[in-house]
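Structure first, then comments.
Residue numbers (UniProt numbering): 1 to 106.
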């Protein structure tokens, strides 16, 4: 009779331990899910911040490109004033005429 009760007791203990293990496993899964959810929220915040920074940098880049275009246009205009394009015939000015950079001769 003692052996049977020991067997039943061992069986109950095993079932209890299995239940405890399952509870720990469930608790571990819940904890992992909570951690993952928190990390996901953190990543979402970081992604949102990075997207905002990217948008700001894109605006700065567009402004910089616009400034660069304006500077390039201004430089081309200055160069044209110093070296005007050839007459509409497409030929260079003849050697007999005054150079275009000088003012009217007196």
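A virtual CB, placed ideally from N, CA and C, is assigned to each residue, including glycine.
Determine, using beta carbons only, whether residue i comes closer than 9 Å to chain C.
i          : result
residue 68 : Looking for chain C here will not work: only one protein chain is present.
To the nearest angstrom, report how far apart residue i and residue j are at their CA atoms.
i          : j          : result
residue 83 : residue 59 : 36 Å
residue 13 : residue 41 : 41 Å
residue 57 : residue 21 : 52 Å
residue 49 : residue 55 : 10 Å
residue 27 : residue 51 : 35 Å
residue 8  : residue 25 : 25 Å
residue 74 : residue 47 : 40 Å
residue 72 : residue 53 : 28 Å
residue 23 : residue 61 : 56 Å
residue 76 : residue 88 : 19 Å
Looking at the structure shown, is residue i part of a helix, part of a strand, or coil, going by DSSP?
i          : result
residue 88 : coil
residue 83 : coil
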